[in-house]
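Undergrad: Please read through the structure below; I'll follow up with questions.
Number of protein chains: 2
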Amino acid sequence: MLPVELPLVADRHERADAAANRARILRAARRLLAEQGVSAVSMDAVAAAAGVGKGTIFRRFGSRAGLTHALLDDYMRSFQDAILTGPPPLGPGAPAGDRLEAFCLALVSTQWTHMELALAADPQPGDPQAGAYSFLLTHVRKLVEQLQPGADAGVLALLILGAISPPVLAWLRRDVSSGDQALADSVVRLLRGITG
Amino acid sequence: MLPVELPLVADRHERADAAANRARILRAARRLLAEQGVSAVSMDAVAAAAGVGKGTIFRRFGSRAGLTHALLDDYMRSFQDAILTGPPPLGPGAPAGDRLEAFCLALVSTQWTHMELALAADPQPGDPQAGAYSFLLTHVRKLVEQLQPGADAGVLALLILGAISPPVLAWLRRDVSSGDQALADSVVRLLRGITG
DNA sequence: AGCAGAAGCGGACTAGCGGTCCGATTGTCT
DNA sequence: AGACAATCGGACCGCTAGTCCGCTTCTGCT
Chain A
39 MLPVELPLVA DRHERADAAA NRARILRAAR RLLAEQGVSA VSMDAVAAAA GVGKGTIFRR
99 FGSRAGLTHA LLDDYMRSFQ DAILTGPPPL GPGAPAGDRL EAFCLALVST QWTHMELALA
159 ADPQPGDPQA GAYSFLLTHV RKLVEQLQPG ADAGVLALLI LGAISPPVLA WLRRDVSSGD
219 QALADSVVRL LRGITG
Chain B
39 MLPVELPLVA DRHERADAAA NRARILRAAR RLLAEQGVSA VSMDAVAAAA GVGKGTIFRR
99 FGSRAGLTHA LLDDYMRSFQ DAILTGPPPL GPGAPAGDRL EAFCLALVST QWTHMELALA
159 ADPQPGDPQA GAYSFLLTHV RKLVEQLQPG ADAGVLALLI LGAISPPVLA WLRRDVSSGD
219 QALADSVVRL LRGITG
């Protein structure tokens, strides 16, 4: 399940104006998302902010989900790198329990930082765009397989990712007045059932 | 946080035709949801299926969220009763750990049965309609407080409910080929970090 | 350099959504 | 029976994601 070859990385021969427009679209979308929140990121709004026609966006990214996915790639790629080749405990080399804990805390932290984007990109069941998500899922499943050989690792992995999914974090940020430390403690505590 | 007085239970004097229409709307919505899935339940579709005008639905239920909430009340009410006054371990009387486990398994089972509805009613952060959800949250929080006095129970409760949230279950049903028993085992295993 | 054809572009257009509004209708109480 | 308020229906609004196609612009070849 290696890097999944995230799409749209540049066709062999992309025209210069097309490349420039893609960059402008991504920049505009990111700015809108950061400044006005997810509800402000309609395709029309992005097109207007980027100074291109709506057709251009759809030609480039296919759909709203495709654009979201492209935005996600940025920091997901570095997250994947940290897991696959970075230093322990996030990267290889540490015991599975430590890696699982580090992974969950890092994912929480990343999603917390990019909350608006994480919410927008939260994959719905059946979403064929779920490539990045399935990378996370596979990683967790492998760690759980080592930690709990008798369990159904696929199911457990899904439960774990659900516990720290973007909607949950968004609820937390809104309605629960707890520090980051309380959140980290809680995640670790919940994982103790798995990490042993 | 008692039963939250679920709304729309019948005004003091509701005209007979209005009551009949409300029943027809709910019946039609339930049928559409079961037969065609959540994406088929637009307000226009419900109106057509119920044989009433769209205005009637909005007069009755206020909004799409209100209608969803009304649909939810049905089985949520009995679920609340089972928790507040039913026999242990779901109801009062059993140790907190057993109650938490029983609660989670029962919630999974209920949502599994009413998957389409549960998905449609899954509250978004900041949703003022989240009354039924906040009942569940409070219940879990209280149990966690007993089990883990040192922890931030509010945060943990949210994480636990996130792990068995409707989107997670929907993913499971779609993409993971595991029996119900594997799911129950996994839930119990994850909770072991909390139940001790 | 110039040209031809492909690639890209923009924005009018469509279908469908949740939600509003108000003239016409209907039930209810006296 | 009659009057009045509650209720109804569906046209209408603003908005969305996504499509389509005539026009423009870039680029590789000669």
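Residue numbers (my numbering), protein chains in the order written: chain A, 39 to 234; chain B, 39 to 234.
All C-beta atoms in this analysis are idealised placements derived from N, C-alpha and C, irrespective of residue type, glycine included.
Using the Cβ count rule (16 or more neighbours within 10 Å means buried), how would you classify GLN219(A)?
TA: Exposed, because fewer than 16 other Cβ atoms sit within 10 Å of the Cβ of GLN219(A).
Undergrad: Just the Cα atoms here: how many angstroms apart are LEU196(A) and LYS180(B)?
TA: In a straight line, the C-alpha of LEU196(A) is about 25 Å away from that of LYS180(B).
Undergrad: Would you say ASP190(A) faces chain B, with C-beta separation under 9 Å as the test?
TA: So, interface residue.
Undergrad: For chain A, is any of its Cβ atoms less than 9 Å away from the one on VAL42(B)?
TA: Low confidence applies here, because VAL42(B) scores a pLDDT of 37, under 50, leaving its location unreliable; read the following figure in that light. False, the Cβ-Cβ gap to chain A never drops below 9 Å.
Undergrad: Closest by CA to ARG97(A), which one among PRO133(A), ASN59(A), VAL193(A)?
TA: The residue with the shortest Cα to Cα distance from ARG97(A) is ASN59(A).
Undergrad: Using beta carbons (cut-off 9 Å, strictly below), is ALA208(B) in contact with chain A?
TA: So yes, ALA208(B) belongs to the interface.
Undergrad: Is GLN186(A) close to chain B? Criterion is C-beta to C-beta, closer than 9 Å.
TA: By this cut-off, GLN186(A) is an interface position.
Undergrad: State buried or exposed for THR233(A), treating a residue as buried only when at least 16 other CB atoms are found within 10 Å of its CB.
TA: THR233(A) comes out buried.
Undergrad: Helix or strand or just coil, what does DSSP make of PRO133(B)?
TA: Reduced to three states, the DSSP call for PRO133(B) is coil.
Undergrad: Given a cut-off of 9 Å, decide if LEU138(B) and LEU207(B) are closer than it, judged by their beta-carbon atoms.
TA: It is not a contact, given that the beta carbons lie outside the stated cut-off.
Undergrad: In angstroms, rounded to a whole number, what distance separates the CA positions of TRP209(B) and ASP111(A)?
TA: Distance between the alpha carbons of TRP209(B) and ASP111(A): 22 Å.
Undergrad: Determine the direct distance from the alpha carbon of SER147(B) to that of LYS92(B), and round the result to whole angstroms.
TA: If you take the alpha carbons of LYS92(B) and SER147(B), they lie about 33 Å apart.
Undergrad: Quick one: give me the first and last residue of the alpha helix (DSSP H) that GLN74(B) is part of.
TA: Note, GLN74(B): alpha helix (DSSP H), 54 to 74.
Undergrad: Where does VAL79(B) fall in DSSP's three states?
TA: The answer is coil: DSSP assigns VAL79(B) none of H, G, I, E or B.
Undergrad: Can you have a look at GLY231(A) and say buried or exposed, based on whether 16 or more other CB atoms are within 10 angstroms of its CB?
TA: Result: buried.
Undergrad: Just mark ALA48(B) as buried or exposed, buried being the case when its beta carbon has 16 or more other beta carbons within 10 Å.
TA: Note that ALA48(B) scores 49 on pLDDT, short of 50, meaning its location in the model is unreliable; the coordinates nonetheless yield the value given after this. It counts as exposed.
Undergrad: Look up LEU232(B) in the DSSP assignment and say whether it is helix, strand or coil.
TA: The sequence given here has Ile at residue 232(B), not Leu. The answer is helix: DSSP assigns ILE232(B) an H, G or I state.
Undergrad: What three-state label does DSSP hand GLY169(A) in the structure shown?
TA: It is helical.
Undergrad: Using a Cβ-Cβ cut-off of less than 9 Å, list which residues of the segment 120 to 149 of chain B approach chain A; keep chain order.
TA: Answer set for the segment 120 to 149 of chain B: empty.
Undergrad: Verify the CB distance criterion: does LEU199(A) have a CB-CB separation below 9 Å to chain B?
TA: Cβ-Cβ to chain B under 9 Å: yes for LEU199(A).
Undergrad: Kindly confirm or deny that the segment 105 to 124 of chain B and the segment 166 to 177 of chain B touch, where touching means at least three C-beta pairs closer than 8 Å.
TA: They touch, by the three-pair rule.
Undergrad: Helix, strand or coil for SER101(A), going by three-state DSSP, please let me know.
TA: SER101(A): coil per DSSP, three-state reduction.
Undergrad: Please name the residue, chosen from MET81(A), ALA144(A), GLN162(A), that lies closest to ASP213(B) on a Cα-to-Cα basis.
TA: ASP213(B) has its Cα closest to that of GLN162(A), out of MET81(A), ALA144(A), GLN162(A).
Undergrad: With 9 Å as the threshold, decide whether the Cβ of ILE95(B) is near any Cβ in chain A.
TA: So no, ILE95(B) is outside the interface.
Undergrad: Which residues in chain B sit within 7 Å of ARG102(A), going by Cβ to Cβ distance?
TA: Simply none; closest approach about 16 Å.
Undergrad: List the whole-angstrom C-beta distance separating GLN237(B) from ARG227(A), where the pair is believed to meet the contact cut-off of C-beta under 8 Å.
TA: Outside the displayed span of chain B (39 to 234) sits residue 237(B), for which this structure offers no information.
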